[in-house]
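Peer 1: Please find one structure pasted underneath; my questions will follow.
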Amino acid sequence: MPKIIIHRIPEMENRFRAIHLEVDGKRVAKITHGEKQVIEVPVGKHSLQAKIDWGKSNLVELDLGEQDELEYELKKGKGSVLYRAFLGYEHYLSLELKSPSM
C-alpha cells in the first residue's frame, strides 16, 4: 500500500497549534510541532493539503503505485505571518517533496 510521510518542521511560529492533514478533501490526521505522520492510501490519484484555521498549504496532486512512498516537509509559507494571515492565507503553509523513493 502506498505511503505519504509528512514531517512537520519545528518552528516557533505555530508550535502550539495542530495542523490538519487532508487527503482527497477529507481530514485524515492531525500533526503537531516536530511530529511525523505516515498516511497509507489506496493506489491511484490523490490530493494532499495541510490546513490550520483558515490558512492552508499548496495542493499536492499525487498518482501513487503499489510500493510508492513519498516524504514531504510541512513548514510555514513564505512571507511574514501578517501577510500570510490576511493576504497569503492560501499559502500560509508549505508542503515540499523531500525524497521520492519509487
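Position one of the sequence shown corresponds to residue 5 (this note's numbering), numbered consecutively onward. All C-beta atoms, glycine included, are put in the ideal place defined by N, C-alpha and C.
In chain order, which alpha helix (DSSP H) runs of at least 4 residues are fully inside the region 18-103?
Peer 2: Entirely contained in the region 18-103, the alpha helix (DSSP H) runs reaching 4 residues are, in chain order, 85-90.
Peer 1: Taking only the alpha-carbon atoms, compute the straight-line gap between Ile10 and Glu26 and give it to the nearest angstrom.
Peer 2: The residue given as residue 10 occupies position 6 in the sequence shown. The residue given as residue 26 occupies position 22 in the sequence shown. Their Cα atoms are separated by approximately 11 Å.
Peer 1: When you compare each of Leu99, Glu44 and Lys82 to Asp72 by their alpha carbons, which one comes out closest?
Peer 2: For the purposes of this step, residue 72 is taken as the residue at position 68 of the sequence shown. Answer by Cα proximity: Glu44.
Peer 1: What does DSSP give as the partner residue(s) for Ile9 in the beta ladder?
Peer 2: Looking up residue 9 in the sequence shown gives position 5. The partner list for Ile9 (beta bridge, DSSP) reads Val42 and Glu75.
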